[in-house]
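Here is the structure we will look at, set down as structure tokens.
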Amino acid sequence: MVRDGLCVETARSGSADSAVLQHRDRDALLPGAGPGQTKATRVTQDVPIDCCASGIKHPATARRSSADRPLVEQFLFPAAAAYGAVAVPLSLYSMLGGAWAVPGLSTPPGHAHELFFGYALAVVAGFLINRMPRRSLALLVLLWLSARISWLVLPGGALSFITNAGFAVAVAAIPAPRFMKGAKKWRNRLTGPIIITICTVAVTFHVAGLSALGWIRYLALQQSVVLFALLMAFFGGRLIAPAAAGAIQVAGGLLEARVQPRLEGLLLLLLIVAAALAPALQTRPASGVLLMIAGLLTLTRLLRWRLWQCRARIDLLCLGAGYAWLAAGLLMIGASWSLEIGLTTRVAAHAITVGALGTLTTTIMARVRLLHAKRYPEVSWPFPALATLMSLAALCRLFGDGNPAALALAATFWSLALLLLLGVLVHFSPVLKRDRARTLQPG
3 MVRDGLCVET ARSGSADSAV LQHRDRDALL PGAGPGQTKA TRVTQDVPID
53 CCASGIKHPA TARRSSADRP LVEQFLFPAA AAYGAVAVPL SLYSMLGGAW
103 AVPGLSTPPG HAHELFFGYA LAVVAGFLIN RMPRRSLALL VLLWLSARIS
153 WLVLPGGALS FITNAGFAVA VAAIPAPRFM KGAKKWRNRL TGPIIITICT
203 VAVTFHVAGL SALGWIRYLA LQQSVVLFAL LMAFFGGRLI APAAAGAIQV
253 AGGLLEARVQ PRLEGLLLLL LIVAAALAPA LQTRPASGVL LMIAGLLTLT
303 RLLRWRLWQC RARIDLLCLG AGYAWLAAGL LMIGASWSLE IGLTTRVAAH
353 AITVGALGTL TTTIMARVRL LHAKRYPEVS WPFPALATLM SLAALCRLFG
403 DGNPAALALA ATFWSLALLL LLGVLVHFSP VLKRDRARTL QPG
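Using the working numbering, you'd call the opening residue of the sequence shown number 3 and step up by one each time.
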């Protein structure tokens, strides 16, 4: 899979494995090998975004393909941002007993459902599904929109089940097989199973709703926290490591600890086993211990990237902030499960769902859109604003539980971040044919 307009090729045999899953940042790997590097890497810029690992299309063919097969993120990213900005304050209003309460957002499970399977799953689809035929893309967006409306109006109805399960199945069926076929190493092959498992949990949530099995719904949402943490641990590393290596090399340094495959492999295994042990009360303390170890490994991995040497790249610092929230969330949930200390699991989960998920998804969506608009990295001011707002939202939610004013403030910060992101996505949208000569930079 090639993303962000770059095709990365390595001189090592079997390089398709790394080319499948490494994110193609414009500065992810610089041309030529630096001092001490054993692997020559070249980055081909100005390559059509829809080129594939099997070869690069002729520019004319690529232009026709781009017109016939638009980028999925052009539609799903703004839709997810707009919906996320509205859904959270509307959910808080509904759960506090507002006169115009929305049925699908009036309960904590409904609130969590829309965060995971409404907002986050749309972001995952926009990021992993590169291009689609126009008709197929229209059907996918319509299915997502129908799922949101049906859940809000009648969350336990058959239409809500069909549309939400249908969107989850589509997200699992389209990108997952490509990852599983294209990768050779087991760590890279995990992308497909992780996506399939998340989508299976989404379907299970709705099946349990039809059967009135509330405890299964609770377990499904609990598993979603760990599974999305697993997804962020994997893709966060694949985004940050090569970009940090490139930025440090530009500054005249060398980053030896990049993907850190052994550490990454251990981290993924710990999270997988923790997810498997979490459903049973008898094994949940052991799952908590594994989550705490995973949190420490996540923090170790982050520190070894030396992002403080990338001060000129504020976007990387913001991705690092999201990854730090992930480490903190794993530690807090693990402490709650194993030691029964600190914040409750219900509250601690927001370090992952707001701090990590909110910061990483908004930063990634902004970066992807700016890359496609060829305005990255010179347009960088949205990144610190997004990360700051999401971090404030997470802090208010973590330490203001039970305080309506603090919860309202958390929802406000969350919505402001997503509204800001929506403005960036719309301003740089190729669909609107805006004049790209002007920049968003203040002054």
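Ideal Cβ placement from N, Cα and C applies to all residues, glycine included.
Since the model is a prediction, treat every value here as computed from it, not as a measurement.
Unbroken alpha helix (DSSP H) run spanning residue i, endpoints
i	result
W153	R136 to V155
W383	Premise fails: W383 is in no alpha helix (DSSP H) and is neither H nor E.
I164	A160 to A175
G248	G216 to V252
L123	L123 to L130
D317	I316 to S340
Y95	E75 to M97
P406	P406 to H429
G267	P263 to L279
L293	R286 to R306
W188	W188 to R191
R348	T347 to A350
P111	P110 to H115
L362	L359 to H374
CA-to-CA distance, residue j to residue i, given in whole angstroms
i	j	result
A170	A253	43 angstroms
V74	L434	15 angstroms
G324	M334	15 angstroms
L427	L161	30 angstroms
R137	P72	10 angstroms
G211	Y378	44 angstroms
A101	A89	16 angstroms
Q262	V104	46 angstroms
G168	R308	42 angstroms
G86	G344	28 angstroms
K376	Y220	43 angstroms
P37	L257	Reliability fails at P37, whose pLDDT of 33 lies under 50, so the model's placement of it is uncertain and the value that follows must be treated cautiously. Straight-line Cα distance between these residues: approximately 10 angstroms.
T193	V203	16 angstroms
D52	I197	Confidence at D52 is low in this model, with a pLDDT of 32, below 50, so its placement is unreliable and the value that follows should be read with caution. Answer to the nearest angstrom: the Cα atoms are 22 angstroms apart.
L292	F430	42 angstroms
H374	G238	20 angstroms
I218	T390	35 angstroms
A283	S382	According to the sequence as given, residue 283 is Leu; it is not Ala. The straight-line gap from Cα to Cα measures roughly 46 angstroms.
L142	L341	43 angstroms
P50	M234	Low local confidence applies: a pLDDT of 30 at P50 is under 50, so the model's placement there is unreliable, with the coordinate-based value given in what follows. Spanning the two alpha carbons is a distance of roughly 27 angstroms.
L422	V126	20 angstroms
Of the listed residues the options, nearest to residue i (C-alpha basis)
i	options	result
A337	I250, L372, T300 and S289	S289
A296	V275, A323 and R286	V275
A81	G128, S93 and L107	G128
A387	V126, I316 and V143	I316
G357	A280, L328 and E258	L328
M392	V381, G404 and L420	L420
A447	R369, A410 and A172	Since the displayed the chain opens at 3 and closes at 445, residue 447 lies outside it and no answer follows.
W188	L141, L270 and T285	L270
L268	A247, A280, T285 and T300	T300
P432	Q284, L372 and R150	L372
L156	T414, L107 and F415	L107
T346	G404, R133, S96 and I218	G404
A396	A326, T109 and L144	A326
G331	L139, L273, T109 and A314	L273
L232	A247, A278 and L92	A278
G158	V209, A243, L145 and L144	V209
G120	L144, A149, R133 and L422	A149
R286	L154, W339 and P195	W339
Beta-carbon proximity list for residue i, same chain, < 8 angstroms, skipping 5 on both sides
i	result
F230	F118, A122, I200, I354, T355 and L359
L223	P111, A114, H115, F118 and F207
L147	A81
P406	L98
P281	L221, Q224 and Q225
P135	D70 and R71
G402	A408, L409, L411 and A412
L298	A329 and L333
R399	V349, H352, V356, A408, L409 and A412
Residues near residue i by beta carbon distance below 7 angstroms, same chain, minus five either side
i	result
A84	L424
Q311	I250, A253 and G255
R306	A259 and Q262
R264	none
V228	L273, A276, A277 and A280
L139	P72, V74 and F77
E266	R189 and G239
Contacts around residue i, its chain only, beta-carbon distance under 6 angstroms, and the 5 residues preceding and following it disregarded
i	result
I131	V74, I176 and P177
G34	Because the pLDDT of G34 is 30, which lies under 50, any placement of that residue in the model is unreliable, and the number read from its coordinates should be weighed accordingly. Taken in chain order, the list of residues that qualify is empty.
S152	L161, S162 and T165
T40	Interpretation of T40 is limited by its pLDDT of 38, a score under 50 that renders its predicted location unreliable; no figure is taken from the coordinates.
E380	none
V205	A167 and A170
S93	L107 and H113
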